[in-house]
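In my numbering, the protein residues as written are 656 to 904.
Set out below in structure tokens:
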């Protein structure tokens with residue numbers, strides 16, 4: 656079994672019309688045959704419905720994954736070897752690991768969370784600390800918990816703060832966008848890509864790119880964020896990156 660980590664997905668929804676830059680425009684693409692897709696499977700959930708579904712890639716056959724219908728899931732992610740899924744149960748705000756066949760379900764420890772958190776989670780790709788599960792612990796903080804997946808049951812280790820971006824000011828307080836179903840967040844190596852909320856007399860949606868110091872071993876701060884040079888003044892909704900996995904047999 657091998658896992659293909661696919662590319663990023665980028666979409667733009669804006670609150671006002673403006674001309675998109677050339678680098679965000681899509682070329683014309685052709686739609687191929689589903690039968691030509693590598694044999695494997697994918698997982699997904701339905702908007703505001705309980706349960707995670709699994710289907711083969713070459714012929715759509717939706718099957719509910721057992722032990723996932725106890726709440727509305729979001730942030731569904733697949734480990735590199737395809738042996739585990741991680742997701743957030745939005746009804747109770749708890750992160751879980753579960754095998755694709757519905758066995759081995761276990762809660763992921765998320766220490767350091769404020770009220771009504773965690774709000775997002777996922778697989779920390781290429782973590783310098785080995786296998787880690789990241790989660791949003793407050794509106795301005797991302798943490799990660801180490802996990803050993805080499806045995807039959809996940810073994811959890813220590814947790815650490817990956818990013819803390821609030822600058823403590825009143826005019827500009829970037830927050831990780833972590834509400835509803837538009838949770839755009841990816842953590843890979845020493846990089847974080849997400850959406851942010853800037854409080855500047857009102858709420859303004861924007862995109863956010865962070866670098867984690869010390870090759871991913873440190874904690875990203877407000878000063879580690881990068882901004883685009885020419886960004887529309889209007890809010891941008893739905894701009895984010897999702898790293899997903901296709902597991903082939």
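Just so you know, even glycine gets a beta-carbon here, dropped at the ideal spot from N, CA and C.
Cβ-Cβ distances below 7 Å link residue 703 to 727 in the same chain, with the five nearest sequence neighbours on each side left out; the list follows chain order.
Between residue 750 and residue 713, the C-beta gap is not smaller than 8 Å, which leaves the two residues out of contact. In this structure, residue 800 lies near residue 763, with their beta-carbon atoms less than 8 Å apart. If you look at residue 796, you'll find it in the beta strand (DSSP E) that goes 796 to 803.
Counting every other CB atom within 10 Å of its CB across the protein chains shown gives residue 717 a total below 16, marking it as exposed. Residue 780: not part of any beta strand (DSSP E); DSSP gives it neither H nor E. In the three-state reduction of the DSSP assignment, residue 683 falls in the coil class. Looking at the DSSP output, residue 865 bridges to 847, 880. Take residue 864, set aside five residues on each side of it, and the residues of its chain with a beta-carbon closer than 6 Å to its own are 848, 881, in chain order.
As the crow flies, the alpha-carbon of residue 775 is around 11 Å from that of residue 788. Around the beta carbon of residue 773, a 10 Å sphere encloses 16 or more other beta carbons of the protein chains shown; the residue is thus reported as buried. Sequence-distant Cβ neighbours of residue 815 in its own chain, meaning closer than 7 Å and more than five residues away, are 798, 799. Residue 812 carries a strand assignment under DSSP once its states are collapsed to helix, strand and coil. If you ignore the 5 residues before and after residue 845, its C-beta comes within less than 7 Å of the C-beta of 866, 867, 870, 871, all in its own chain and listed in chain order. Per DSSP, the unbroken beta strand (DSSP E) holding residue 730 starts and ends at 728 to 733. Spanning the alpha carbons of residue 802 and residue 759 requires a straight line of approximately 14 Å. For residue 722, same chain residues with a beta-carbon under 7 Å away, outside a window of 5 residues either side, are 753, 757, 760 in chain order.
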